[in-house]
Amino acid sequence: MLLTRIKGPRDLDRLSQEELDQLAAEIRSFLVDAVSKTGGHLGPNLGVVELTIALHRVFDSPKDKVLFDTGHQAYVHKLLTGRQDFAGLRTKNGLSGYPSRAESDHDVIENSHASTVLGWADGLAKANEVLGREDHHVAAVIGDGALTGGMAWEALNNIAAAKDRPLVIVVNDNERSYGPTIGGLANHLATLRTTDGYERFLARGKEILERTPVVGKPLFETLHGAKKGLKDFIAPQGMFEDLGLKYIGPIDGHDIEALESALQRAKRFSGPVIVHCLTQKGRGYTPALEHEADRFHAVGVIHPDTGLPVKTAAASWTSVFADEMVKLGHEREDIVGITAAMLHPVGLNKFAEAFPNRIYDVGIAEQHGATSAAGLATGGVHPVFAVYATFLNRAFDQVLMDVALHKCGVTFVLDRAGVTGDDGASHNGMWDMSILQVVPGLRLAAPRDAEQLRAQLREAVAVKDAPTVVRYSKGVVGPAVPAVGRIGGMDVLREPGADVTRPDVLLVSVGALAPMCLEIATLLDKQGISTTVVDPRWVKPVDEALAPLADRHRVVVTVEDNGRTGGVGAAVSQALRDAGVDVPLRDFGIPQRFLDHALRKEILAEIGLTAPDIARQVTGLVAKLDGRYDSEPAAAVD
0 MLLTRIKGPR DLDRLSQEEL DQLAAEIRSF LVDAVSKTGG HLGPNLGVVE LTIALHRVFD
60 SPKDKVLFDT GHQAYVHKLL TGRQDFAGLR TKNGLSGYPS RAESDHDVIE NSHASTVLGW
120 ADGLAKANEV LGREDHHVAA VIGDGALTGG MAWEALNNIA AAKDRPLVIV VNDNERSYGP
180 TIGGLANHLA TLRTTDGYER FLARGKEILE RTPVVGKPLF ETLHGAKKGL KDFIAPQGMF
240 EDLGLKYIGP IDGHDIEALE SALQRAKRFS GPVIVHCLTQ KGRGYTPALE HEADRFHAVG
300 VIHPDTGLPV KTAAASWTSV FADEMVKLGH EREDIVGITA AMLHPVGLNK FAEAFPNRIY
360 DVGIAEQHGA TSAAGLATGG VHPVFAVYAT FLNRAFDQVL MDVALHKCGV TFVLDRAGVT
420 GDDGASHNGM WDMSILQVVP GLRLAAPRDA EQLRAQLREA VAVKDAPTVV RYSKGVVGPA
480 VPAVGRIGGM DVLREPGADV TRPDVLLVSV GALAPMCLEI ATLLDKQGIS TTVVDPRWVK
540 PVDEALAPLA DRHRVVVTVE DNGRTGGVGA AVSQALRDAG VDVPLRDFGI PQRFLDHALR
600 KEILAEIGLT APDIARQVTG LVAKLDGRYD SEPAAAVD
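The opening residue of the sequence shown carries number 0 in numbering that gives the first Met the number 0; numbering runs sequentially from there.
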């Protein structure tokens, strides 16, 4: 196999055109076989095989910086830079599903959030200029879907301002992000895809006019002098050139020879150049091409021949939300849905099918989505903006200043909250309950099971004068966790025996960690430690009944699937201080560090967020209190 002989990009230099085509076929076969066993981003990588080969033939990585926006299409890049062991893809100690600086000097960006690559490229090109590195180049690959993000256009505005600073921007145009790309930019690119090339038209026109006696040549020169207007008519790439960016394309993104020619021309140019490449997501794999929803953007473990899942998927948190949204849509005509280019991943596809005139895909533009939601709410409807928890970070200012300040009734539904695991550091939804704590008036719900998700979503959309947030985990929703009582707005999940006058521990369980918290209580009970377990349901604001309840216990413990700094535990601690309740509090959550990719359960074990770990520490805390309880006041435990 040719692929096994590729240890680095320069090994590509000695291959003939025929061998390059063979290598592309081998890479596609490898990807289908490897990713079907582990799961991962299959469709995007099948679409960039030839493009990635051409990039590494033309540019000298790592001296030249080859950058990938989002990074889910970097599997081919990994293969060509010496990383061909995909057996542990996206698992602990295996390859990351995204570029990773720890893996290779060829990897630069690893934040995995869309529309950032052009900002990176602008900075790197400026650094080359400042340091006089004329033999260093920067090539940034960005999808047409990512170009719907505002950050990309902010960067383009700055890139175009320096007409003599070399930078190659490769637009990987496959008409899709997850699903089909939408919006004005998508329509413009579609025009470029379907219009005959300007140069071909002009060459044919020159041939005809030069054969025309007397007026032919002057007429051709006149038309050529009006090149800008003619070019806009024939192939309207003027949008890019109006910004001051040289445009090359469209190029067949599966023709290595054509790609190399275009990239070489762009590399030699002394300013910023856009190379527009047309690719096919899922190319070479029939099940992906026939999967209209997202062309196998991301798959679990599948059968390589059929593309069908090996295991039947159980009900997920996302599917519960999806079904309840449809029910709400039938009940209330004022409810609309918003997605940021992720209609299927966040579960709004069913709502879109039922109510096609009440769904808005804003593209990869979370900031705009949030502010547009404020406008929708002000206009008299109730928007439900479903987004990954980690991506809401991008819209924080809009949540604060546009939605909350104006007391708009907008519901944000945060999918993939907490530790998600295999997608790595940037995809863990561990920040939302911390950053949202500072937003005045905002109400935040963390349902523990499917029943509570349905109930709390309904409670959220009933609020008309403030933003509401419902956050839940990735993957399979667990069994129902019934309440045994209610105190204020909190559900009581477990009570100590009736003979206990002052229980030892008040355990505050947040969201999907309820089963684990009940397990903690069982372990504590075996140590003779009495425990009350409550689910606040709405973790912001802190329920007024919590402080009096805490005062009837010896110690308070909070457990959350969120960063400890500024999270629910911190909010509960402040609420107790404000109420004059002086009991020790121990908060358990995610440490404030970036977590490497691994299975969720492996990460939870690594950070000590498991029932045995927590029960052990709480047992030690209670034992410490017992040793000094009568002789000195108990001190708070941080």
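We put the CB at the ideal spot given by N, CA and C, even for glycine.
In this text the structure is predicted, and so the values were computed from the model without any measurement.
In whole angstroms, what separates the C-alpha of residue i from that of residue j?
i: glycine 328; j: glutamate 458; result: 15 Å
i: proline 446; j: arginine 56; result: 51 Å
i: glutamate 49; j: leucine 523; result: 59 Å
i: alanine 313; j: phenylalanine 320; result: 14 Å
i: glycine 228; j: lysine 245; result: Its pLDDT being 43, under 50, glycine 228 is placed unreliably in this model, and the value from its coordinates should be taken loosely. When rounded, the distance between both Cα atoms is 16 Å.
i: leucine 452; j: valine 507; result: 18 Å
i: isoleucine 5; j: aspartate 421; result: 27 Å
i: alanine 394; j: alanine 369; result: 7 Å
i: arginine 493; j: arginine 501; result: 15 Å
i: threonine 609; j: leucine 603; result: 6 Å
i: isoleucine 250; j: valine 274; result: 8 Å
i: isoleucine 108; j: alanine 126; result: 16 Å
i: threonine 531; j: proline 355; result: 47 Å
i: lysine 326; j: aspartate 560; result: 29 Å
i: leucine 166; j: leucine 117; result: 10 Å
i: valine 345; j: valine 129; result: 43 Å
i: proline 611; j: glutamate 518; result: 9 Å
i: glutamate 330; j: glycine 474; result: 28 Å
i: glycine 496; j: leucine 456; result: 33 Å
i: isoleucine 606; j: isoleucine 613; result: 11 Å
i: glutamate 256; j: leucine 22; result: 14 Å
i: lysine 266; j: leucine 307; result: 42 Å
Once you ignore the five residues that flank residue i on each side, which residues in its own chain have a CB closer than 8 Å to its CB?
i: valine 438; result: Val398, Leu399, Ala403 and Pro466
i: glutamate 18; result: Leu1
i: aspartate 12; result: Arg56
Which stretch, first to last residue, makes up the beta strand (DSSP E) that contains residue i?
i: histidine 275; result: 271-277
i: glycine 484; result: 484-486
i: leucine 505; result: 504-508
i: lysine 266; result: Here lysine 266 belongs to no beta strand (DSSP E); instead the alpha helix (DSSP H) covers 255-267.
i: lysine 245; result: 245-251
i: arginine 493; result: 489-493
i: valine 468; result: 467-470
i: alanine 42; result: According to the sequence as given, residue 42 is glycine; it is not alanine. No beta strand (DSSP E) contains glycine 42, which is instead part of the alpha helix (DSSP H) from 42-45.
i: arginine 442; result: 442-444
i: alanine 138; result: 137-142
So, at 7 Å on beta carbons, what are the nonlocal neighbours of residue i in its own chain, with the 5 sequence-adjacent residues on each side left out?
i: alanine 652; result: Past the edges of the chain, shown from 0 to 637, lies residue 652, and the structure says nothing about it.
i: threonine 564; result: Ser433 and Gln591
i: lysine 623; result: none
i: alanine 73; result: Phe67, Tyr97 and Pro98
i: lysine 226; result: Bear in mind that the predicted position of lysine 226 carries a pLDDT of just 40, short of 50, making it too unreliable to give a figure here.
Please determine, among the options, the residue with the shortest C-alpha to C-alpha distance to residue i.
i: aspartate 625; options: Phe239, Arg553, Ala138 and Pro286; result: Arg553
i: alanine 376; options: Cys407, Asp396 and Phe350; result: Cys407
i: valine 272; options: Thr278, Gln279 and Leu262; result: Leu262
i: threonine 37; options: Gly118, Ala297 and Gly474; result: Ala297
i: threonine 90; options: Ile606, Glu102, Asp304 and Glu601; result: Glu601
i: alanine 35; options: Ile301, Leu391, Leu584 and Thr305; result: According to the sequence provided, residue 35 is serine. The question's alanine does not apply to it. Among Ile301, Leu391, Leu584 and Thr305, the Cα nearest to that of serine 35 belongs to Ile301.
i: lysine 310; options: Trp316, Thr3, Gly299 and Asp304; result: Gly299
i: glutamate 365; options: Thr389, Gly379 and His275; result: Thr389
i: leucine 242; options: Leu456, Gly270 and Ala578; result: Gly270
i: methionine 0; options: Asn561, Gln16 and Ala24; result: Ala24
i: aspartate 414; options: Pro514, Ser318 and Glu450; result: Ser318
i: alanine 454; options: Ile52, Val170, Asp322 and Pro61; result: Asp322
i: glycine 562; options: Leu594, Ala444, Asp333 and Ala373; result: Leu594
i: glycine 283; options: Ala544, Ser28 and Asp586; result: Ser28
i: valine 509; options: His105, Asp448 and Val499; result: Asp448
i: alanine 482; options: Pro535, Arg442, Gly440 and Val499; result: Pro535
i: tryptophan 316; options: Asn156, Ile168 and Ala511; result: Ala511
Among the residues of its own chain, which have a CB less than 6 Å from the CB of residue i, if the five just before and after it don't count?
i: serine 114; result: Ala145, Gly148, Met150, Ala151 and Ile363
i: glycine 281; result: Gly42, Leu45, Ala287, Leu288, Arg294 and Phe295
i: glycine 336; result: Leu347, Phe350, Ile358 and Val383
i: valine 65; result: Leu54, Phe58 and Ala138
Residue range of the alpha helix (DSSP H) that residue i falls in?
i: alanine 124; result: 116-129
i: asparagine 561; result: Per DSSP, asparagine 561 belongs to no alpha helix (DSSP H); it is in the beta strand (DSSP E), 554-562.
i: glycine 306; result: Where glycine 306 is concerned, there is no enclosing alpha helix (DSSP H), given that its DSSP letter is neither H nor E.
i: aspartate 448; result: No alpha helix (DSSP H) holds aspartate 448; DSSP gives it neither H nor E.
i: lysine 77; result: 74-79
i: leucine 50; result: 48-57
*Going along the chain, which unbroken runs of the alpha helix (DSSP H) with 4 or more residues stay wholly within the stretch 581-622?*
599-605
_Runs of beta strand (DSSP E) lying entirely within the stretch 327-387, each at least 3 residues, in chain order_ = 334-338, 358-360 and 381-387
*Unbroken beta strand (DSSP E) runs of length 3 or more, entirely within the stretch 516-542: which are they?*
530-534 and 537-539
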